[in-house]
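Trainee: Provided herewith is a single structure, encoded as structure tokens, for subsequent inquiry.
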């Protein structure tokens, strides 16, 4: 899915939402018209207990329908025979406070590290470009070292990459991301609701919202009732949302380990012992004409893709790896002058590829790679010069050649039917242009992409719930981290006696005098510094990540 198609679909979706909203609100004297019915019951605001608000690209649905159920649960916990359950839950959510504080510290350290590394990455790239301009562009060694240095810098920066559809992940993943985020949000808000019931807090409203394409869920408690809680109780309610996310993440991880979700899809078989099934190829890729959907890639270069325990496909194409120790024995006379292909200016013009002698890495030469690498009769392989016969020499690909060998088994073909496909370019391009999976349909009419779709959603569900745990604990405005930081400060610097005197003084003195308390001023100052500093770090990191993703 291209960016243009995604934008058109998004605009069409919001146009439809606005059209439906205006249709249902044609009569302004009622929030929802009584003539809209479900079965024989009129669909009205009173029957639904819901309120819909729509402004531009923001849709908000809130309801008080669940308030009574929440109050019933709070009353249930207040009963004497249920005090053991209440104590157990309070202890559990008390442990959640500890995890929340540790998660907040970890999230702050990670954000500071990512912001610092992104700035360092920019400085290194700028410095590299300055050096490149100052040096002679005709020196091949310089070009090679610059490429490797740039690759190393990029690898070190991209250790943690934000999920940005169309920039860092494909736009086609957007539906899976939206659904995974919404499920994680529901689990998060459920934690706040249960912890609120433990402290006998009533819910004002609960609901969901959609901003452009970002879903969210919310539970609102009365501000005065929330502030009147003790610091411990307030911390339990605040930390309950992230605590539920981390519990949900553990459940997802355990279920993914013992129950492979794709195996639940009827009619598919796991072919991990053979290789990876081609699901789709980018139509603009040169590989589009050579890799048919349903064919199996069994080997990349000399690395077998048969593995149940690791994703060899992703690791080989995206992570740095050492070139193979095995070379080829070729006739010495076929090893042409390096001037034909080993200089940067001739690389694109010559059909030859640059190779080097195994024992003399400085000895470069050119050779036609197709007869050598794609020959049906395998060329003699070698580790050292002595492995080759007389009048032949042991050669290996030069690092600048970047030719991948893909062994491809055709659809429903046998091992002897495999063919060789050569790719000249970066390995990352193959990973981006070819979608593969470990599951093959047993019957032809089943879609190839269904297991991959389920696996992709499962991966995003794990990532989003873990990310939501850490992100929500950052002391940023409107996030749980800010409120948890306030509760933690109150918990550490205030005693019960101080809290009692504070309440008495609050009744006797004005609000301005209350705000002048030294402890309160220090708390607000710490929170403000954390908010501003972390906002700057987040903006810097996301800006660099987006710029890096676009390039």
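In the UniProt record's numbering, the protein residues as written are 1 to 551.
All C-beta atoms in this analysis are idealised placements derived from N, C-alpha and C, irrespective of residue type, glycine included.
Computed from a predicted model, the values in this text were never measured in an experiment.
(1) With distances taken from CA atoms, which of 20, 80, 77, 422 is nearest residue 288?
(2) Taking the beta carbon of residue 267 as the centre, do at least 16 other beta carbons fall within 10 Å, making it buried, or is it exposed?
(3) Check whether the segment 232-248 and the segment 463-477 are in contact - that is, three or more C-beta pairs closer than 8 angstroms.
(4) Evaluate residue 379 with the Cβ neighbour count: other Cβ atoms within 10 Å of its Cβ, from every protein chain shown; 16 or more gives buried, anything less gives exposed.
(5) If you run the structure through DSSP and keep just helix, strand and coil, what is residue 11?
(6) Can you tell me which of the three DSSP states residue 443 falls into?
(7) Are at least three pairs of beta-carbons, each pair with one atom in the segment 327-334 and one in the segment 433-450, less than 8 angstroms apart?
(8) Once the 5 residues before and after residue 294 are set aside, which same chain residues still bring their CB inside 7 angstroms of it?
(9) My assumption, with CB atoms under 8 angstroms, is that residue 382 sits in contact with residue 358. Please give the rounded CB distance.
(10) Going by DSSP, name the residue or residues bridged to residue 58.
(11) Going straight from the alpha carbon of residue 14 to that of residue 57, what length do you get?
(12) Should the segment 214-224 be regarded as contacting the segment 171-187, the criterion being three or more beta carbon pairs within less than 8 angstroms?
(13) List the residues that DSSP assigns as beta-bridge partners of residue 268.
(14) Expressed to the nearest angstrom, what Euclidean distance is found between the alpha-carbon atoms of residue 306 and residue 271?
(15) What would DSSP say about residue 80, mapped onto helix, strand or coil?
(16) Alpha carbon to alpha carbon, how far is residue 121 from residue 222? Give it in angstroms, no decimals.
(17) Going by beta-carbon coordinates alone, are residue 197 and residue 73 separated by less than 7 angstroms?
(18) Evaluate residue 500 with the Cβ neighbour count: other Cβ atoms within 10 Å of its Cβ, from every protein chain shown; 16 or more gives buried, anything less gives exposed.
(19) Going along the chain, which residues of its own chain have a beta-carbon closer than 8 angstroms to the beta-carbon of residue 363, five neighbours each way excluded?
(20) Give a yes or no on contact between the segment 519-536 and the segment 95-102, applying the rule of three or more CB pairs nearer than 8 angstroms.
(21) Using a threshold of 7 angstroms, state whether the C-beta atoms of residue 192 and residue 240 are closer than that.
(22) Just to confirm my understanding: we take residue 428, look at its own chain, exclude 5 residues before and 5 after, and list those with CB closer than 8 angstroms. What are they?
(23) Could you tell me which whole beta strand (DSSP E) segments of length 3 or greater appear in the segment 309-380?
(24) For the alpha helix (DSSP H) that contains residue 480, what are its first and last residues?
(25) Assuming contact is defined by CB atoms lying nearer than 7 angstroms, are residue 62 and residue 205 in contact in what I supplied?
(26) Can you give the Cα-Cα distance for residue 175 and residue 165, rounded to whole angstroms?
(27) Ends of the alpha helix (DSSP H) at residue 181?
(28) Provide the residue(s) that pair with residue 4 in DSSP beta bridges, ordered along the chain.
(29) Restricting to Cα atoms, I'd like to know which of 77, 226, 413 is closest to residue 487.
(30) Go through its chain and collect everything with a Cβ distance to residue 158's Cβ below 6 angstroms, but skip five positions before and after it.
(31) Return helix, strand or coil for residue 409, following the three-state DSSP convention.
(32) Going by DSSP, what residue range makes up the beta strand (DSSP E) through residue 424?
(33) Grab me the residues of residue 185's own chain with a C-beta within less than 6 angstroms of its C-beta, minus the 5 sequence neighbours each way, in chain order.
(34) Can you tell me where the alpha helix (DSSP H) holding residue 455 begins and where it ends?
(35) From the DSSP output, read off the bridge partner residues of residue 218.
(36) Considering only their Cβ atoms, is the gap separating residue 115 from residue 561 smaller than 7 angstroms?
Mentor: To lay it out plainly:
(1) 422
(2) exposed
(3) yes
(4) Under this definition residue 379 is an exposed residue.
(5) helix
(6) Here residue 443 sits in coil by DSSP.
(7) With the cut-off at 8 angstroms, the segment 327-334 and the segment 433-450 do not touch.
(8) 277, 278, 411, 448
(9) About 7 angstroms separates the two Cβ atoms, so the contact holds.
(10) 55, 211
(11) 7 angstroms
(12) Counting C-beta pairs with one atom in each stretch, the segment 214-224 and the segment 171-187 have three or more that are closer than 8 angstroms, which means they touch.
(13) 441
(14) 8 angstroms
(15) helix
(16) 45 angstroms
(17) yes
(18) A caution first: residue 500 carries a pLDDT of 43, below 50, which makes its placement in the model unreliable, though a value can still be read off. Per the 10 Å Cβ criterion, exposed.
(19) 356, 357
(20) no
(21) yes
(22) 317, 318
(23) 327-331, 353-357, 364-367
(24) 480-493
(25) yes
(26) 10 angstroms
(27) 174-198
(28) According to DSSP, residue 4 bridges with nothing at all.
(29) Per the Cα distances, 226.
(30) Legend: pLDDT at residue 158 = 46, less than 50; position of this residue unreliable, value from coordinates given subsequently. Taken in chain order, the list of residues that qualify is empty.
(31) Reduced to three states, the DSSP call for residue 409 is strand.
(32) 419-424
(33) 216, 217
(34) 450-472
(35) 207
(36) This structure gives no information on residue 561, because the portion of the chain shown stretches from 1 to 551.
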